Amino acid sequence: MNNSPHSFPDTAPLSPTRFQVNVVSEGYDNPTCEGDKDPPQYEETSFASEDRHRMNYGPGNREMFNNILHNGDTIKTEGSFHPYDTHGHTYYMKTFGHNTMDAVPKIDYYRNTGSVSGVKKTRPSLAEIHEQLSKDVAVTPGSVSNGEGALGDEEQNEEEPQKGGFVKFGWVKGVLVRCMLNIWGVMLFIRLSWIVGQAGIGLGVIIILLATMVTTITGLSTSAIATNGFVRGGGAYYLISRSLGPEFGGSIGLIFAFANAVAVAMYVVGFAETVVDLLKDNDAIMVDDMNDIRIVGAITVVLLLGISVAGMEWEAKAQIVLLVILLIAIVNFFIGTVIPTTEEKRSRGFFNYQASIFAENFGPDFRNGEGFFSVFAIFFPAATGILAGANISGDLEDPQDAIPKGTMLAILITTIAYLAVAICAAASVVRDATGSMNDTITSAMNCNASAACSLGYDFSMCEYEKCNYGLMNNFQVMSMVSGFGPLIVAGIFSATLSSALASLVSAPKVFQALCKDNIYKALHFFAKGHGKNNEPIRGYVLTFLIAMAFILIAELNTIAPIISNFFLASYALINFSCFHASFAKSPGWRPAFKYYNMWVSLFGAMLCCGVMFVINWWAAVITYGIELFLYIYVTYKKPDVNWGSSTQALQYTKALNGALDLNAIEEHVKNFRPQCLVLTGAPMARPALLDITHSFTKNQGLCICCEIFAGPRKQTVKEMNGGMIKKQAWLTKNNRKAFYAAVAAENLREGARTLLQAAGLGRIKPNTLVMGFKKEWRQASTVDLANYVGILHDAFDFEYGVVIVRNSQGFDISSILQAQEEMQRLEQERLALEATIKDSEFQDGNSRIRRFFSKPTKLNITSQASKKGVSTAPPMHVGEYNQRLVEASEQFKKKQGKGTIDVWWLFDDGGLTLLIPHILTLRKKWKNCKLRIFIGGKANRLEDEKLMMASLLSKFRIKFADVYIVADINTKPSKESWKFFEEMIEPYRLHESANDVPTAEKIRRENPWKITDSELEMYKEKSYRQVRLNELLQEHSRSANLIVLSLPVARKGTVSDHLYMAWVEILSKNLPPALLVRGNHTNVLTFYS
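Our numbering applies: residue 11 is where the sequence shown begins, and numbers increase by one.
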């Protein structure tokens, strides 16, 4: 294919699994092509493994090519050959052997920065591919980069996870075994017989199936969430927090970790009960039953803590041994039910399988105040082990495969075992038995129609006094029935200890994951891990202390209902998480496990909540009270995490649907609110402008902070893209309820015009332009001034209201921010250099360098600035002007003292000039300010005008302190004021009248922006008015907190830019902060209901 004279015959491909290409020269400037007049050949690529396309080498290039490691990821070269040089005569060996910087899809590009399973790599940026290639650029696809071309920390830490060699478990050892052991807990051997005795076979099966229904639905939801992405350590907490967000995850994480810690106590107490029963049978009681349970439980939990601290590997080995013992014990029970019974066992109520016993035990016989749900509450913790595998998700080889497979199979196997044991026990053992072999029935005795009576035993005395045997009275029924009793005891030990061990491991793991996320900063102490498996030793100690406290209760039936509610709350949220993620319809919700249904998950969540209340309503209320408190706490603290939760997805969906629904509703004047497009530039650069706008838009209307990057497109776009996230984050951090928007344009006016037309979405779009007064307009170029005034013209053309804000010092504090950043940089450099000097022992000149770098210490920035944000720049020794500017930038942050907002509503613009100050008075910072309304009127109708305006304001339901009628607006200003105005505009006047006609025309053509004599004469009355208004403002509103007055409008094409700016300048000069407002002349106020 390659027609180059240096091509060679085909050779075998490097690898049958790679893309095969023919590499060719780059172009006519390549020396290898000098003798070839044909157009350059392009390589062919193939995705097949056939050797149809092979590498072609030039005779001088084979050795050179052999020096290249061509594995699709990296390229190593020797000598002068550089595979990235597109400007020389070289080959490009990057993707598919093609001369492109594009990288092939690879998992490393999609990892998180802190991934422990691999190193995050950075693909070439779009700019690197899109822009012209620089001659000195050499970026390899798949490089470990921090986005700026520099190697990131990830590369350095790549080998760290492999240092100690993690212990990872498969689905059998890590999930199935662990779940089965945790589910087959204390209830299987020492409470299941009592449960089936109370509820009967019928209701007993329903109790088991109801618990199984809850756990099965939860298992399906868990499987769906666990297969929707990589699962780390933390179990239920991790699943809920990454799905519903930190608020739900943080609240349920504490509850779930606590429930597991209490579960340790429950299983240990069950174990201790069995040991104490053995001690009692052998007359070896130490103190009494209750205290012996406490003593045995305390010793046991200490031993379990030792196994857990030894590491996950030892704990896993212990679990396997315990499972074998447990399985043998269960089989031993079933064998015992078919071995012919003995006289002793008969006297204790065991008669092998009997239809009469099955029939008698089928119905319920609740005693001692027990009922269906109280019995269910005692049994339910037996089903709570389904998350034992998920809780150690960080220690599994493949959590996405292991959790669904192991959890669902464990639920199936354990449910069958529970049902079989319950039915077998209830079909062969009567409810009450005396244990006396003398209670047999003779032919002369009457039978009481019980199953025992028909089988030759009279246990009727149990109706009047407490018996010690039978399903209702003997917790060791399984031991009695089994073929070899000690095996059941071993099974009880195995079941209780394994469940306790699993819970003792789960609680610290979940708690550690919660603490690592730093949602509760006070608990971060427990995030630290130890050893190669990052064992939470501190969490183990805390779990031990909690378990020890509950072991002291020493009553199994008291502990079990406590944790039932906690586990049910966790299950409810897991089910709700699955439903919520499905309902949000986020594209990121793509679970590999397909056997789930969002409505089934919702039913499971509701079922869990319902069961919580029927088990124990006050415990359910307390559980939800604790959860609500933690939820509110986390919401208030707003942890700095972003997990892409379904809550975020649903918020987006709701916002989108709300915007679409709003678009279908016609606008109404009663619902009008100022929605502002604020030309702040960078938000932190003009904080006062943002603050005053925020005062009347917060929680009321839209506020968009806009920045226009004017200049060459390539430079401005890069600068714009680089700061957008930072500036929006600044708004969020400083609690400014506003958006940030930026555009790149040729000049300021073009950018503003783009924003005026395109900003917003549907009905949620700006209707008011807010901008600062151009204080240095007299020093500005004519182009800059034309752009500034042109923005006002464009805003009126697009029917926007306009607000120009003016204060005494201006708004731009970017120079102060730059000085602050520079001083911080110098301080950091000084500290770094001092550290370097201290580390390296210089002999000569050491003291002089230290003295030189110790001088800038006076320029330290106070810590207050870093806490409050850059907008609250503290006073610095950079001149008195800067001091005043900083104070002016903070004036609208402070609460305004008692005073007035003077509203000079001179022209009816639809009511915007009145509405904005009214909204301000509703704010906490401005509530002490009263509205004073000033309007123009005739001298002979002052009272009528005042009454008319007061009536209108009352109809608008706007509170005001007073109304003032200004009758002398149209009188001429004083000579001093007019002289000041004339001197202001003098440099910009054309003075064409002083020249002959040809000269005047020539001057006008050369300076079209200047103020002509005819223009000045035409608008002389309007100029008088602006000067006179300033005099009146000085007279009436000099002490106001804020002035709001009507903005004069310049007629397009007739009023020059400099004249208009002179009007605005003279109108608002030497006044308190002023808002010059002009609505778009459509009503924004109404007095109709």
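All residues carry an ideal CB built from backbone N, CA and C; glycine is no exception. None of these values were measured; they are calculated from a predicted model.
Residue i in three-state terms, based on DSSP
i       : result
GLU837  : helix
LEU660  : helix
ALA669  : helix
LEU511  : helix
ALA1084 : strand
GLY820  : coil
ALA320  : helix
MET781  : strand
TRP914  : strand
ILE714  : strand
LEU1107 : With the chain covering 11 to 1099 only, the question about residue 1107 has no answer from this structure.
ARG2    : The requested residue 2 is not part of the displayed model; the chain covers only 11 to 1099.
VAL297  : coil
THR690  : coil
LYS542  : coil
PHE281  : helix
GLU60   : Confidence is the limiting factor: at GLU60 the pLDDT is only 38, short of 50, which leaves the residue's position unreliable, though a coordinate-based value still follows. Looking at GLU60 - three-state DSSP - the assignment turns out to be coil, as it is neither helix nor strand.
ALA972  : Before going further, note that residue 972 is Asp rather than Ala in the sequence given. Three-state DSSP puts ASP972 in a strand.
ALA1050 : coil
PHE91   : Its pLDDT being 39, under 50, PHE91 is placed unreliably in this model, and the value from its coordinates should be taken loosely. Here PHE91 sits in coil by DSSP.
C-beta contact flag for residue i and residue j at 7 angstroms
i       : j       : result
TYR248  : ALA594  : no
PHE970  : LEU941  : yes
PHE706  : ILE926  : yes
ALA754  : MET730  : yes
LEU758  : VAL812  : no
PHE623  : ALA615  : no
ALA1084 : SER1078 : yes
THR352  : ASN362  : no
VAL1094 : GLY946  : no
LEU841  : ASP804  : no
ILE1076 : GLN1036 : yes
ASN371  : ILE205  : no
LEU186  : LEU419  : yes
ASP112  : LYS131  : no
CA nearest to the CA of residue i, picked from the options
i       : options                            : result
LEU555  : GLY307, PHE179, ARG894             : GLY307
LEU827  : ASP804, LEU1042, THR703, MET694    : MET694
HIS534  : SER492, CYS525, GLY255, LYS647     : CYS525
LYS948  : LEU930, ARG933, ARG967, VAL976     : VAL976
PHE258  : ASP822, ILE584, LEU429, PHE376     : ILE584
ALA400  : GLY379, THR232, LYS708             : THR232
VAL815  : HIS704, GLY907, PRO722             : HIS704
GLU1045 : LEU497, PHE390, PHE944, SER516     : PHE944
ALA768  : VAL487, ILE714, LEU843             : ILE714
GLY1063 : SER1047, LYS1030, ALA1050, TRP1019 : TRP1019
GLN658  : PRO684, ASN681, LYS908, GLY598     : GLY598
MET608  : GLY620, ALA591, ARG600, SER596     : ALA591
GLY229  : ALA748, ALA517, TYR643, GLY245     : GLY245
GLU475  : THR444, VAL491, VAL286, CYS618     : THR444
ASP919  : PHE806, GLU637, ARG356             : PHE806
Take every Cβ of the stretch 330 to 348, pair it with every Cβ of the stretch 499 to 507, and state whether three or more of those distances are shorter than 8 angstroms. With a cut-off of 8 angstroms, the stretch 499 to 507 and the stretch 330 to 348 count as touching, because enough Cβ pairs lie within range.
Cβ contact (3+ pairs, closer than 8 angstroms) linking the stretch 558 to 565 and the stretch 211 to 226: Segments in contact, no.
Indicate whether the contact test is met: 3 or more Cβ pairs, each with one atom in the stretch 408 to 421 and one in the stretch 637 to 654, closer than 8 angstroms. Counting Cβ pairs under 8 angstroms, fewer than three are found: no touch.
Answer yes if the stretch 472 to 490 comes into contact with the stretch 434 to 451, meaning at least three C-beta pairs across the two stretches below 8 angstroms, and no otherwise. Look at the beta carbons and you see the stretch 434 to 451 touching the stretch 472 to 490: at least three pairs across the two are nearer than 8 angstroms.
Taking the runs of the alpha helix (DSSP H) that are 4 residues or longer, which of them lie wholly in the stretch 199 to 273? Counting only runs of 4 or more, we get 202 to 236, 245 to 254.
Does the stretch 604 to 614 come close enough to the stretch 267 to 285 to have 3 or more Cβ pairs within less than 8 angstroms? A contact between stretches requires three or more CB pairs, one per stretch, nearer than 8 angstroms, and the stretch 604 to 614 fails this requirement with the stretch 267 to 285.
Contact the stretch 769 to 788 vs the stretch 1045 to 1059: 3+ CB pairs below 8 angstroms: In short, these stretches do not touch, since the Cβ pair count stays below three.
Complete runs of the alpha helix (DSSP H) confined to the stretch 588 to 633 [at least 4 residues]: DSSP runs (the alpha helix (DSSP H)) wholly in the stretch 588 to 633: 608 to 625.
Whole runs of the beta strand (DSSP E) within the stretch 399 to 481, excluding any shorter than 3 residues: Counting only unbroken stretches of 3 or more residues, no beta strand (DSSP E) element lies wholly within the stretch 399 to 481.
Identify every run of the alpha helix (DSSP H) within the stretch 723 to 766, keeping only runs that are complete inside it and at least 4 residues long; order them along the chain. Entirely contained in the stretch 723 to 766, the alpha helix (DSSP H) runs reaching 4 residues are, in chain order, 723 to 743.
Are three or more beta carbon pairs between the stretch 990 to 1004 and the stretch 960 to 974 nearer than 8 angstroms? These segments do not touch.
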